[in-house]
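Okay, so the sequence shown: first residue is 8 according to the working numbering, each after it adds one.
First the structure, in the form of structure tokens, and then the observations on it.
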Amino acid sequence: MTHALTRRQTLQALGASLLPMPLIAAAQAAFPNKPVRIIVPLPASGAADVSVRILTEFMQQPLGQSLVVENRPGGIYQIGIQAITSAPADGYTLIHLNATMCAVQASLKRFDMLKQLIPVGLMGSTDAMLCIANNAPFKTAQEMVAWGKANPGKLNYGSTGPGSMEHLSMVSIMQRVGITGNNIPFKGGPDGALALAQGEIQAMALPAPLIIQFRDKIKPVIALTEQRIGFLPDLPTAKEQGLDIPTVNYWGGLAVPVGTPTAVVETLEKAMSVAVNNPALSQRYIPLGLNARFAGGAAFKTIIERDLQWLGDAVKSANLQLS
């Protein structure tokens, strides 16, 4: 009897010890159960960094966890890429992707976003325009094309360096309209915009925030968008001008390492959707020259693929040999 009781007690004790295990396993499987990190491969305080920090404020509630921004600039995005690809594929580390990374990938081929990462969602974008200097010998896009054909190789245009988004945008535009020019590189977009405002160069493709900053000192002549731009409703698109040139859009979004579980990616995507579609976030983006715009992972991947295609074509057209 004593032996039977002891055995019964032992089995009951064993059963009791096993009972909480499914609950513990469920708690461990729940995502997220700790803060989430977002790597921004750019310096703090820039438009990209600020946009991500605003996004984190609006993602906390739907995600149920705090989000921490970690700036990892340098190495032409490679430091940030290294940080994300070396992180566990568990959804607790994301990276902010931007359109200029497509230009870097197309020209330098040092990383492959779609092989190393899974797009989670698009968070916003800013429009781009082809702008000319007020003292340029042409006043419209058509006049620029005509002047460029009459003066081959003499058009001086700005960029943020060989293989940059601005450079490849101009290469693609010139190749498609049949003109050539000289790429004048600058340290950054603001430096190039300032040079354009001072008449040191004749043209440059610029994002909306810089155009707003130098509004009275440069002249936008084409909206490099599919539709007209809200704050410049009279500016025609390239299509309206009869020009077959690519749409240039400075977008931003989030991605996770390859191997991240599908359910985790979906949880992050849903939290992004709630955050980006919040009108309060949209109002916070407007002063930055950004348009809050959500697209899920599949649609975001398509956007990246489209940009890699035309930027890759521009690299081949320019015969760039970069390393």
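Backbone N, C-alpha and C define an ideal beta-carbon position, used for all residues, glycine too.
Quick caveat: nothing in here was measured; it's all calculated off a predicted structure.
query                                                                                                                                                                  : result
Leaving out five residues on either side along the sequence, give the residues of the same chain with a beta carbon under 8 angstroms from the beta carbon of P159.    : I186, T187
Tell me which residue opens and which closes the alpha helix (DSSP H) that S114 is part of.                                                                            : 107-115
Going along the chain, which residues of its own chain have a beta-carbon closer than 6 angstroms to the beta-carbon of I61, five neighbours each way excluded?        : R291
Beta carbon of L315, beta carbon of A212: below 7 angstroms?                                                                                                           : no
What alpha helix (DSSP H) runs, 4 residues minimum, are completely inside the segment 228-268?                                                                         : none
Jot down the residue ranges of each uninterrupted beta strand (DSSP E) in the segment 53-136, minimum 3 residues, whole runs only, in chain order.                     : 74-78, 100-105
Looking at C-beta atoms only, is the number of pairs between the segment 106-117 and the segment 187-202 that lie closer than 8 angstroms three or more?               : no
Looking only at its chain, what residues have a beta carbon closer than 6 angstroms to the beta carbon of P214, apart from the 5 residues adjacent to it on each side? : T133, A135, Y257
From the DSSP output, read off the bridge partner residues of P192.                                                                                                    : S166
Are G165 and I139 touching if we call contact CB-CB under 7 angstroms?                                                                                                 : no
Considering Cα atoms alone, identify which of I252, F301, I311, F307 is closest to V152.                                                                               : I252
Within 10 angstroms of the Cβ of Q68, are there 16 or more other Cβ atoms? Answer buried if so, exposed if not.                                                        : exposed
Compute the Euclidean distance between the alpha carbons of I88 and W154, then round it to the nearest angstrom.                                                       : 42 angstroms
So Y99 and V47 are in contact, right, with Cβ under 8 angstroms, and what is the actual spacing, rounded?                                                              : Y99 to V47, Cβ: 16 angstroms. No contact.
Can you tell me whether P216 is buried or exposed, with buried defined as 16 or more other CB within 10 angstroms of its CB?                                           : buried
Classify K146: buried if its beta carbon has 16 or more other beta carbons within 10 angstroms, exposed otherwise.                                                     : exposed
On the premise that T267 lies in contact with A96, defined as a C-beta separation below 8 angstroms, what is that separation, rounded to the nearest angstrom?         : 4 angstroms
Just reading off the alpha helix (DSSP H) that G155 is part of, what are its end residues?                                                                             : 148-157
May I have a chain-ordered list of the beta strand (DSSP E) segments no shorter than 3 residues that lie completely inside the segment 191-225?                        : 210-214
Would you call E173 buried or exposed, if buried means 16 or more other Cβ atoms sit within 10 Å of its Cβ?                                                            : buried
What three-state label does DSSP hand G296 in the structure shown?                                                                                                     : coil
Is any beta-carbon of chain D found at less than 7 angstroms from that of A54?                                                                                         : As a matter of chain content, chain D is missing from the structure shown, which is built from one protein chain.
Considering Cα atoms alone, identify which of L295, G206, V265 is closest to K226.                                                                                     : G206
Count the other CB atoms, across all protein chains shown, that sit within 10 Å of the CB of G81; report buried if there are 16 or more and exposed otherwise.         : exposed
Sort N141, G259, A282, A94 by Cα distance to L297 and report the nearest one.                                                                                          : G259
Quick one: what does DSSP say L30 is sitting in, helix, strand or coil?                                                                                                : The predicted model places L30 with a pLDDT of 39, which falls under 50 and marks its position as unreliable, so this point remains unresolved.
Measuring straight from C-alpha to C-alpha, what distance separates L203 and N141?                                                                                     : 8 angstroms
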